[in-house]
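In this note's numbering, the protein residues as written are 67 to 334.
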């Protein structure tokens, strides 16, 4: 009896037109995305859903201090699969990537010590992103990791034209000398056990942002340390004796929280 029932169900399904079961998923396309400022060429990475025929909100992604590597490109691909157009920016120029912490520290420090030059790079990236035909230029957010988290916090502090700034284990160093009003969302996701993020500096950054109109929320994840979103963190910690560590629970929780923030800021 059961065999005849299963056979009947199979025949019934096979009799449906082919299009009835066809589901078109995202076709994520990633490509090098060049933009220039100050006579320098920057080679970012743009990811979007090539199956989509409607302009979608944009997300500017700022890499860790290592530079524009595979990790940040994978995050761009994830966002593209969810319906955003993601531009992973190149803050160092020519797609330069650090292979050692000493180089990463030198590259990132140079950027943060010259905020006007850093802002010019970000402005150029934002302008290029807004002009892309796949992007709804009226809805743009910024998201950053470690060094990049500090960059997006300073983007909000500078009053740059974004709807939200989302930081993961970001350094709260204030690079902006004259903070400007910002009425967007700021979300800061940090590890509670992160020795590389100064708690007082983080509190000061949040207070300054709130004073200038930002809607700030700081979330700290118990047991999580620096670079908790990066699956390569454990290997890097071992290789270079750094206080890094991947935390799958904190990674998943902060990612879901960030997606809710993007939805609120860009889609609603």
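Yeah, the Cβ is synthetic: ideal placement off N, Cα and C, and Gly gets one too.
Distance CB(residue i)-CB(residue j) smaller than 8 Å
{"i": "residue 299", "j": "residue 316", "result": "no"}
{"i": "residue 285", "j": "residue 255", "result": "yes"}
{"i": "residue 151", "j": "residue 214", "result": "no"}
{"i": "residue 230", "j": "residue 250", "result": "yes"}
{"i": "residue 252", "j": "residue 275", "result": "yes"}
{"i": "residue 212", "j": "residue 321", "result": "no"}
{"i": "residue 232", "j": "residue 217", "result": "no"}
{"i": "residue 220", "j": "residue 181", "result": "yes"}
{"i": "residue 163", "j": "residue 133", "result": "yes"}
Whole-angstrom distance between residue j and residue i, CA atom to CA atom
{"i": "residue 227", "j": "residue 206", "result": "8 Å"}
{"i": "residue 93", "j": "residue 266", "result": "44 Å"}
{"i": "residue 318", "j": "residue 234", "result": "12 Å"}
{"i": "residue 330", "j": "residue 159", "result": "32 Å"}
{"i": "residue 260", "j": "residue 304", "result": "16 Å"}
{"i": "residue 246", "j": "residue 188", "result": "16 Å"}
{"i": "residue 239", "j": "residue 248", "result": "18 Å"}
{"i": "residue 104", "j": "residue 190", "result": "10 Å"}
{"i": "residue 97", "j": "residue 111", "result": "6 Å"}
{"i": "residue 327", "j": "residue 193", "result": "23 Å"}
{"i": "residue 297", "j": "residue 269", "result": "27 Å"}
{"i": "residue 273", "j": "residue 210", "result": "20 Å"}
{"i": "residue 323", "j": "residue 280", "result": "18 Å"}
{"i": "residue 184", "j": "residue 161", "result": "15 Å"}
{"i": "residue 301", "j": "residue 208", "result": "27 Å"}
{"i": "residue 106", "j": "residue 179", "result": "18 Å"}
{"i": "residue 141", "j": "residue 311", "result": "18 Å"}
Where the beta strand (DSSP E) through residue i begins and ends
{"i": "residue 108", "result": "106-115"}
{"i": "residue 224", "result": "Careful: residue 224 lies outside any beta strand (DSSP E) and carries neither H nor E."}
{"i": "residue 252", "result": "251-257"}
{"i": "residue 151", "result": "151-154"}
{"i": "residue 248", "result": "Looking at the DSSP string, residue 248 is not in any beta strand (DSSP E), and its letter there is neither H nor E."}
{"i": "residue 231", "result": "230-234"}
Residue i - containing alpha helix (DSSP H), residue span
{"i": "residue 209", "result": "Note, residue 209: premise wrong, no alpha helix (DSSP H); beta strand (DSSP E) at 201-211."}
{"i": "residue 97", "result": "Element bounds for residue 97: not the alpha helix (DSSP H) but the beta strand (DSSP E), 94-103."}
{"i": "residue 138", "result": "136-147"}
{"i": "residue 192", "result": "181-197"}
{"i": "residue 286", "result": "Run containing residue 286: none in the alpha helix (DSSP H); it sits in the beta strand (DSSP E), 281-287."}
{"i": "residue 325", "result": "314-328"}
{"i": "residue 127", "result": "No alpha helix (DSSP H) holds residue 127; the beta strand (DSSP E) holding it covers 122-128."}
{"i": "residue 267", "result": "265-277"}
{"i": "residue 177", "result": "167-178"}
Contacts around residue i, its chain only, beta-carbon distance under 8 Å, and the 5 residues preceding and following it disregarded
{"i": "residue 118", "result": "92, 149 and 200"}
{"i": "residue 258", "result": "286, 287, 288, 289 and 290"}
{"i": "residue 225", "result": "245, 246, 247, 248 and 278"}
{"i": "residue 122", "result": "114, 115, 149, 150, 151, 200, 201 and 202"}
Own chain, CB closer than 7 Å to residue i, minus 5 neighbours either side, in chain order
{"i": "residue 87", "result": "Per-residue confidence for residue 87 stands at a pLDDT of 49, beneath the threshold of 50, marking its modelled position as unreliable; the derived number appears in the next sentence. For residue 87, where only same-chain residues beyond five positions count, there are no Cβ hits under 7 Å."}
{"i": "residue 68", "result": "Any answer about residue 68 is weak, because its pLDDT of 35 lies below 50 and its placement is not dependable; what the coordinates show is given next. So the list is empty, once near-sequence residues are dropped."}
{"i": "residue 153", "result": "99, 110, 112, 124, 126, 127, 191 and 195"}
{"i": "residue 308", "result": "167 and 302"}
{"i": "residue 271", "result": "219, 238 and 240"}
Spatial neighbours of residue i in its chain, beta-carbon cut-off 6 Å, leaving aside the 5 residues before and after
{"i": "residue 313", "result": "290 and 294"}
{"i": "residue 262", "result": "292"}
Meets three-Cβ-pair contact criterion under 8 Å: the segment 140-152 and the segment 171-180: no
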